[in-house]
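Everything below concerns the one structure shown next.
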Amino acid sequence: MAAPVSTPPHAAKGESMKVAMKVAMKVNNQVYKVVLNDNPAAAAFAERLPLTLKMAELNGNEKFAGLAHPLPTQEVRAGTIHAGDIMLYGSQTLVLFYQRFSSNYRYTPLGKVVLPAALEQAVGHQETEVEFYRE
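Converting from the sequence shown to this note's numbering requires adding 20 to each position, the first position being numbered 1.
Written out as structure tokens, the structure reads:
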């Protein structure tokens with residue numbers, strides 16, 4: 021399912037503007053708004069919602085979980101990763117980052133948590149359950 025398309029009042033005839041898909045993420049009873057990117061992987065991820073994952077801890081800066089089915093990929097070198105970034109590693113591993121750092125790994129960007137300020141505290145440093153759902 022592609023992101024919904026709307027025609028803003030100021031758009032020229034024939035032009036349209038894609039609207040980012042908004043979803044929510046629940047971690048330890050805290051709800052965060054997430055904006056998904058406009059790409060095939062994010063659209064495929066949105067089609068699978070609602071989704072609850074047990075996410076394992078890795079490197080003191082991220083959580084990851086395997087997905088049941090692969091998503092399309094468009095990998096890019098990450099460079100600087102920000103707290104709240106949600107990415108796909110390979111085609112079947114969802115990664116939620118809760119700290120900012122530099123990386124040479126390649127990921128497919130899926131979206132980001134809108135206000136990730138308390139995200140690290142919410143996810144903790146152990147395995148945690150994360151629920152993604154449409155708003």
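Every residue, glycine too, gets a C-beta built ideally from N, C-alpha and C.
Note that the structure is a prediction, hence the values are computed from the model and not measured.
(1) In the DSSP assignment, find the unbroken beta strand (DSSP E) run with Q50 in it and report its ends.
(2) If we call anything under 9 Å between Cβ atoms a contact, is F84 one with T100?
(3) With distances taken Cα to Cα, identify the nearest neighbour of G86 among R97, E149, Q112.
(4) Please state whether DSSP places E134 in a helix, a strand or coil.
(5) Could you round the C-beta distance between A138 and L91 to whole angstroms and report it? I think they count as a contact, below 8 Å.
(6) Can you look up E82 in the DSSP assignment and give me helix, strand or coil?
(7) Rounded C-beta distance between L108 and T93? I'm assuming under 8 Å.
(8) Compare the C-alpha of L78 against each of T128, Y153, E155, H145 and name the closest.
Let me spell this out:
(1) 50-56
(2) no
(3) Q112
(4) For the record, residue 134 in the displayed sequence is Val; it is not Glu. Coil, per DSSP.
(5) Actually they do not touch by this definition, with Cβ atoms about 28 Å apart.
(6) strand
(7) 7 Å
(8) H145
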